[in-house]
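Some notes on the structure that comes next.
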Amino acid sequence: MKGLLGKKFFLMLCGLLFTVRVFAQSGVSEIQIKAAYLLKFPTYVEWPEGTFNAPDSPMVVGVIGSDAMAANLEVIGQDLVVNGHPVEIKRLLPGDTVGDLHMLFVGGMTSTVVSGFLQQAVRRPVLTVSETTPPRPEDSVINFSISDNKVRFDVAMDPAQRMGLKLSSRLLQVAQVVIRP
Amino acid sequence: MRSFRHIRSKLLVMVLLTMFSAITVAGAFILYNDLREYRNTRINDLTTQIGLLAASSATALQFEDTAVAQENLELLRLRPSVRAAAIYNARGNHFATYTREGEHVVFPELPGDEGIETVNDNLVIFSRIVADGEILGTAYISGDYLIWQRAIDFIQINSLIALTAMAVAALVCLPLQASITKPLFAITDIAREVVNSRDFGRRVKRVSDDEIGVLVDAFNEMLNEIGKTTVALQDTNRQLEQEAGEHRASREMVMKLNAELERKVLERTQALQVANKELESFCYSVSHDLRGPLRAISGFTRALQEDYGTGMPDGAHRYFDKVIAASSRMGQLIEDLLNLSRVSRGELVRQQVNFSTMAHQIADDLKQQHPGYVIEVSIWEGISAEADQKLLRIVLENLMGNSWKFTTKQSQPRVEVGVMRDGQREIYFVRDNGAGFDMKYADKLFGAFQRLHGAGEFPGTGIGLATVQRIINRHGGRIWFDSTPGKGAVFYFTLKSDLVVDPLT
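Chains A and B, in that order, are what the protein sequence lines are. This note's numbering numbers the first residue of the first sequence as 93 and each following residue consecutively. This note's numbering numbers the first residue of the second sequence as 5 and each following residue consecutively.
And the structure:
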């Protein structure tokens, strides 16, 4: 046990150090940027009719697999309104269901729990965002990646289409890779 | 001729200047409008441009995608009037830039405030890029704003238009002028001819029905009048010349006669002077020569009386007395005549004489000569005169002596000697309250040997006053008198010429 914890811990530390080194110049951490971007994505996405109960009903953003991300989102998302919908951050636990989420962020690398969530999400109109390498174009619409020391993202059209989500061309413009069906 | 057809050039200049002003004014308005339009167009264009730029760059800024931003800017290559553009991020750093081909642009370090500015030949706009209330960055665009060039181009074209228009106007004007100038020149030509030839018979032909036509009629009328007046004037002139000639002739004659007269007068005067001189000499020598025999008569008569008088009857003595008295009188007469002559000949020595003192002396002498004769003598003090002393003495002796003589019949004889001042001149006087004389015979008074009173009434030779007058005249003065019979007489005289020469004239 001790050895495993130590290895994981060591890896996380390395990852953190890595991210700290990468973004030291700009003074902003990778997580912060991703969080900021995350809350910008909904502006460029159109959910199918009826997804929102009312024009001002909350937009629920679910987070699993990254407490740091959740924490950042809570900070940025406080009092944030996107297209008239106030943003609500929901931390998910392994036992939860996707339920009434509008957006889902799965942090970290792939794990069975994460996969389960993603598969669930794909059956409903949920904007899925991941940060895996390689990207998972079958169930994750947007996938963060690091390129040239910058946070970039790929967009997969297929899952969005299946879910009935319409993506703005402007988003596609700034995406590093657009994976078409 | 000096300024050939001056009026024509005036008309031409008038037309050209009018055209020029009109075109310039019109041009100015058009230019103003055009430049305003241009400005608005450029501003609108660039504003639109930067708006599009801002909108399209929002996403790129949000996701820090400089490549996309740069791509957007590159599209500006399609709009050659855009010189440069840039996107600044939220922190104010350059995010993406675009520069027109061949240009070198230095972008502002930091984005400026939102707004439009003209910098040299460029229009520069800054615009904030905002999304969802968040400032993502600033857009910057710089486009051509060649307003001065445009203005200059326009002015050049306008000048060309003006010149062309003026040239055309001049061409059009030249023949049209004639409608004004031709009738005008008709008048001026005739006017010049009339002035040169003095022929008022010329008339101007009326060719137009406007104000010049009126002028032509008036001019002709005027010539008519002048013609008539000239004829009248010429007649009058001829008459006047004639009269002037006559006057000249008579004036010449008058002058000739004058000269004649002057000559004659001169001759006569000279003759008279000569005669006078001879007469005086004669008078003098005769008087002088008469003294001798007279002395003999009186002397021997006296001797006769003294030596042989004892045995003679009284009647004889009476006769002797009468002879002596008569010869004495004659002696006096001769003396007076001699005096008169002397007075005319001697030199006049004018000096300051104490008039009052002299009068006193003479009064004393007279009193001595007439002892016991009571007469009141009043002599003004402090009188002085500028005269010949000897001659003045004779004057006073005569006048005062007369006063003594003619007051003997009065109860209170009085004589007064004084002076009156009349302006610049002094008038001396001798006044008495004696017998006086009738002014009717006044002109005889100064004639020699003229006596207004018989020898029985008052003694005297009658020469005294003639002498006095001669003396006064020699001094350049005047003597006159006033008298009432029984009331006395007063003699006035001056010792200087009345003609006072005013030093200022």
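Idealized CB from N, CA, C, for every residue including glycine.
Among the residues facing chain B, residue 263/A is included, as its CB has a counterpart in that chain under 8 Å away. Closest in alpha carbon position to residue 349/B, among 341/B, 355/B and 19/B, is 341/B. Here residue 141/B carries a strand assignment [DSSP, helix/strand/coil]. Partner residues in the beta bridge of residue 355/B, as assigned by DSSP, are 391/B.
Within the stretch 128-155 of chain A, the residues whose Cβ lies closer than 8 Å to some Cβ of chain B are 129, 132, 135 and 136, listed in chain order. By alpha-carbon distance to residue 427/B, the top candidate from 498/B, 34/B and 170/B is 498/B. In chain order, 68 make up the part of chain B whose C-beta sits under 7 Å from the C-beta of residue 242/A. Secondary structure at residue 204/B: coil, using DSSP grouped into helix, strand and coil. Residue environment analysis places residue 408/B among the buried positions, since at least 16 neighbouring C-beta atoms fall within 10 angstroms of its C-beta. When CB distances to chain A are screened at a threshold of 7 Å, the residues of the stretch 51-77 of chain B falling below it are 63, 64, 66, 67, 68, 69 and 72, in chain order. Spatial neighbours of residue 212/A in its own chain (CB-CB distance under 6 Å, excluding positions within 5 residues in sequence) are listed in chain order as 190. With contact defined as three or more Cβ pairs closer than 8 Å, the stretch 13-32 of chain B and the stretch 81-98 of chain B are not in contact.
When Cβ-Cβ separations below 8 Å define contact, residue 266/A makes contact with chain B. Around residue 38/B, no beta-carbon contact reaches into chain A at under 7 Å, the shortest distance being about 40 Å. DSSP places residue 119/B in the strand class (E or B) of the three-state scheme.
The residue among 227/B, 214/B, 84/B and 175/B with its C-alpha nearest the C-alpha of residue 195/B is 227/B. Under the Cβ criterion of 8 Å, residue 125/B is not counted among the residues facing chain A. Just so you know, the alpha carbons of residue 270/A and residue 32/B end up roughly 59 Å apart.
Note on geometry: alpha-carbon atoms of residue 222/B and residue 170/B lie some 36 Å from one another.
At a Cβ-Cβ threshold of 8 Å, residue 366/B and residue 404/B count as neighbours. In terms of Cα proximity to residue 369/B, the closest of 397/B, 315/B and 23/B is 397/B. About 6 Å separates the CB atoms of residue 50/B and residue 145/B; that is less than 8 Å, so the two are in contact.
Residue state for residue 272/A is assigned as coil, using DSSP reduced to three classes.
Excluding residues up to 5 positions away in sequence, 195, 219, 221, 234 and 263 lie with their Cβ nearer than 8 Å to the Cβ of residue 133/A in the same chain. Per the Cβ contact rule, the stretch 324-332 of chain B is in contact with the stretch 300-313 of chain B (3 or more Cβ pairs under 8 Å). Cβ contact annotation for residue 402/B (same chain, cutoff 6 Å, sequence separation greater than five): 468 and 472, in chain order. If you compare the alpha carbons of 111/B, 163/B and 59/B with that of residue 35/B, the shortest gap goes to 163/B. In this structure the stretch 246-262 of chain A touches the stretch 135-154 of chain A; the number of beta carbon pairs closer than 8 Å is three or more.
Contact annotation, residue 109/B with residue 87/B: C-beta distance approximately 7 Å; criterion of less than 8 Å satisfied.
Listed in chain order, the alpha helix (DSSP H) runs fully inside the stretch 48-117 of chain B are 70-78, counting runs of at least 4 residues.
Counting only residues of its own chain and dropping the five nearest sequence neighbours on each side, residue 424/B has a CB closer than 6 Å to the CB of 431. Spanning the alpha carbons of residue 131/B and residue 165/B requires a straight line of approximately 42 Å. Within the stretch 128-154 of chain B, the residues whose Cβ lies closer than 8 Å to some Cβ of chain A are 135 and 136, listed in chain order.
Residue 185/A is classed as exposed because its beta carbon has fewer than 16 other beta carbons within 10 Å across all chains shown. Restricting attention to 52/B, 185/B, 74/B and 81/B, the CA atom closest to the CA of residue 106/B is found in 81/B. Listed in chain order, the non-local C-beta contacts of residue 78/B below 8 Å within the same chain comprise 102, local neighbours out to five positions each way being set aside.
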